[in-house]
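Chemist: The structure is given below, and queries will be raised subsequently.
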Amino acid sequence: MLMQQDSASIVIKQPKKSPLFLRMIVLVFAMVCGLYICSVCLKQFSFQTAQLVPNPVGSHSSHVLTRIHYPKPQTFNRAECGHNPVRFFVILSMQRSGSGWFETLLNSHDNVSSNGEIFSVLERRKNVSSIVETLDRVYNLDWFTSASKNECSAAIGFKWMLNQGLLANHVEIVDYFNRRGVSAIFLFRRNPLRRMVSLLANSYDRYAKLLNGTHKSHVHSPEEADALSRYKPVINSTSLIHDLQETESLAAKALEYFNTTRHMVVFYEDLITNRTRLKEVQEFLSIPVKDLSSRQVKIHRGDLSDHIKNWEDINKTLNGTEYEKFLRADY
């Protein structure tokens, strides 16, 4: 009986939790919260310092972001425009593809400086070091041409023909473009036969100088255009299909080499027939969209049959081939 009373009087108490253990729990929780907050802050900071802008829709770019820069030129002071961001671009094209006209359109924008065909000078493209040195001068705003609006430029670039060391040094140039955030605008012609007419006519005028003893690659009046268009080149019909294939192959190779860069593809014919493409170009460069204009006048207008001396041979050569469409296409 006594043993039953003693066992009933025994109370089993729960052990007290150690204050040190509770403090450890609080400390771990605080550390986890702190790490989370720091990670969020770091992400926001890195986004702001990278200064990236979304890539516009329809740019056909493999990169979704474009970089902005704040150049510090050695040759002048940007003054109050020093805080204005600048984007880097380049027009990649072939001779007589409308790049001169396209560049004048861009340069009619208050905030664009496109500095012409700078690598037409052999010295500037003799090796990779010369190319990089030239690129650095352009993108640092230390390159001066009649198109320069360097102090307050929002987009700075130039024209680069595919046969001016571009493809021969494409590995290093692609690396440079990606490293420095250069956006590429490919400008091609849908109708390479018309480009061929323009090439031959321009080559002839270099020596003939049909405009009062002066050679002009581009003209600014209908009268000058008519004078130059009177010359009708003879196209080699024997090598014509091969020449057209070579042009297509060159464009395809350029697109393949520069596929990893931020880029868009524009066709000369589309710019003429659909001016919304100019709007898309400006959006691609992330500059204010404005009406762009050029004083240049097209030289070879109308049917191709009016501009090729041996038209019958050319017509016969291309009829029934994949290039037949070029015979009647406008522009």
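In UniProt numbering, the protein residues as written are 1 to 331.
Just so it is clear, CB atoms sit at the ideal spot from N, CA and C, and this is done for glycine as well.
Please classify K43 as buried or exposed, where buried requires at least 16 neighbouring CB atoms within 10 angstroms.
Modeler: Caution is warranted here: a pLDDT of 41 is assigned to K43, below 50, making its placement in the model unreliable, and no coordinate value can be reported.
Chemist: For A184 and H263, which I take to be in contact (beta-carbon distance under 8 Å), what is that distance rounded to the nearest angstrom?
Modeler: Confirmed, about 4 Å.
Chemist: Which of the three DSSP states is assigned to S293 in this structure?
Modeler: It is coil, neither helix nor strand.
Chemist: Just tell me which of P233, Y139, R277 has its CA closest to the CA of D313.
Modeler: Ranking the options by Cα distance to D313, first place goes to P233.
Chemist: At 4 residues or longer, and completely inside the stretch 121 to 187: list those alpha helix (DSSP H) runs for me, N to C.
Modeler: As far as the stretch 121 to 187 is concerned, its whole alpha helix (DSSP H) runs of at least 4 residues are 128 to 139, 170 to 180.
Chemist: Assuming I91 is part of the alpha helix (DSSP H), what are its boundary residues?
Modeler: Taken as a continuous stretch (DSSP letters only), I91 belongs to no alpha helix (DSSP H), being part of the beta strand (DSSP E) at 87 to 93.
Chemist: Quick one: what does DSSP say V281 is sitting in, helix, strand or coil?
Modeler: It is helical.
Chemist: Sorted by chain position, which residues of the same chain lie with C-beta nearer than 6 Å to E269's C-beta, five sequence neighbours on each side aside?
Modeler: Closer than 6 Å at Cβ, skipping near neighbours: R190, Y331.
Chemist: I'd like to check one pair, N169 with V112: are the Cβ atoms closer than 8 Å?
Modeler: Not in contact: V112 and N169 (Cβ atoms no closer than 8 Å).
Chemist: Quick check on this structure: which residue in P192, R295, R87 has the alpha carbon closest to the alpha carbon of N178?
Modeler: With distances taken between Cα atoms, N178 lies closest to R87.
Chemist: Determine the contact status of S153 and L141, defining contact as a CB-CB distance below 8 Å.
Modeler: Their beta carbons are under 8 Å apart, which means S153 touches L141 by this criterion.
Chemist: Residues in its own chain within less than 6 Å of N107 by CB, not counting five upstream and five downstream?
Modeler: These residues qualify, in order along the chain: S114, A147.
Chemist: Among I173, F102, D243, K216, which has the Cα closest to the Cα of F267?
Modeler: That would be F102, whose Cα lies nearest to the Cα of F267.
Chemist: Could you check whether the Cβ of E256 sits closer than 8 Å to any Cβ belonging to chain C?
Modeler: Included in the structure is just one protein chain, with no chain C present.
Chemist: Would DSSP call F326 helix, strand or coil?
Modeler: In this structure, F326 counts as helix in the three-state DSSP scheme.
Chemist: Taking 8 Å as the limit between beta carbons, can you name the residues of its chain near S62, skipping five residues before and five after?
Modeler: Low per-residue confidence applies at S62: pLDDT is 44, beneath 50, and the placement is therefore not dependable, though the value from the model is reported in the following sentence. Same-chain partners within the cutoff: N259, T260, T261, R262, H263.
Chemist: Between the stretch 191 to 202 and the stretch 291 to 304, can you find at least three pairs of beta-carbon atoms closer than 8 Å?
Modeler: At 8 Å Cβ cutoff, the stretches touch.
Chemist: Does the distance from the CB of H220 to the CB of Q296 come in under 8 Å?
Modeler: For H220 and Q296, yes; Cβs fall inside 8 Å.
Chemist: Using 10 angstroms around the beta-carbon of R328, count the other beta-carbons present and answer buried if the total reaches 16, otherwise exposed.
Modeler: Looking at its Cβ environment, which holds fewer than 16 other Cβ atoms inside 10 Å, R328 is exposed.
Chemist: Nearest to L210 by CA position, among P192, P222, R230, is which residue?
Modeler: Among P192, P222, R230, the Cα nearest to that of L210 is on R230.
Chemist: Comparing alpha-carbon positions, which option in K253, A225, I156 lies nearest V182?
Modeler: It is I156.
Chemist: Which stretch, first to last residue, makes up the alpha helix (DSSP H) that contains H242?
Modeler: Run containing H242: 240 to 257, per the alpha helix (DSSP H) assignment.
Chemist: State buried or exposed for T273, treating a residue as buried only when at least 16 other CB atoms are found within 10 Å of its CB.
Modeler: That one is exposed.
Chemist: Using a 10 Å radius around the Cβ and a threshold of 16 neighbouring Cβ atoms, would you call D110 buried or exposed?
Modeler: Flag for D110 reads exposed.
Chemist: Would you call the CB atoms of residue 409 and L162 closer than 8 Å?
Modeler: It is not possible to answer for residue 409, since the shown part of the chain is limited to 1 through 331.
Chemist: What do you reckon, are the CB atoms on L166 and L228 nearer than 8 Å?
Modeler: It is not a contact, given that the beta carbons lie outside the stated cut-off.
Chemist: What's the call for A50, buried or exposed, on a 16-neighbour Cβ count within 10 Å?
Modeler: Residue confidence is low: A50 scores 32 on pLDDT, short of 50, so the model does not pin down where it sits. Its coordinate-derived value is still stated next. Exposed, because fewer than 16 other Cβ atoms sit within 10 Å of the Cβ of A50.
Chemist: On the three-state DSSP scale, how would you describe L193?
Modeler: Looking at L193 - three-state DSSP - the assignment turns out to be helix.
Chemist: Taking the C-alpha atoms as reference points, what is the distance between D226 and P71?
Modeler: Straight-line Cα distance between these residues: approximately 44 Å.
Chemist: When you compare the CB positions of Y323 and L255, do they come within less than 8 Å of one another, or not?
Modeler: It is not a contact, given that the beta carbons lie outside the stated cut-off.
Chemist: Under a Cβ-count criterion, where at least 16 other Cβ atoms within 10 Å of its own Cβ denotes burial, should D6 be classed as buried or exposed?
Modeler: Bear in mind that the predicted position of D6 carries a pLDDT of just 45, short of 50, making it unreliable; the figure below should be weighed with that in mind. D6 should be labelled exposed.
Chemist: Name the one or two DSSP bridge partners that S114 has.
Modeler: DSSP output for S114 lists G157 as bridge partner(s).
Chemist: In angstroms, rounded to a whole number, what distance separates the CA positions of F47 and F284?
Modeler: Any reading at F47 must be qualified, since the residue scores a pLDDT of 30, below 50, and its modelled position is unreliable; the value itself is stated next. Distance between the alpha carbons of F47 and F284 is about 20 Å.
Chemist: Is it right to say T321 is buried, meaning 16 or more other beta carbons lie within 10 angstroms of its own, or is it exposed?
Modeler: Exposed, since its Cβ has fewer than 16 Cβ neighbours within 10 Å.
Chemist: When we look at the beta-carbon of L292 and count the other beta-carbons within 10 Å, is it buried (16 or more) or exposed?
Modeler: By the neighbour-count rule (16 or more Cβ atoms within 10 Å), L292 is buried.
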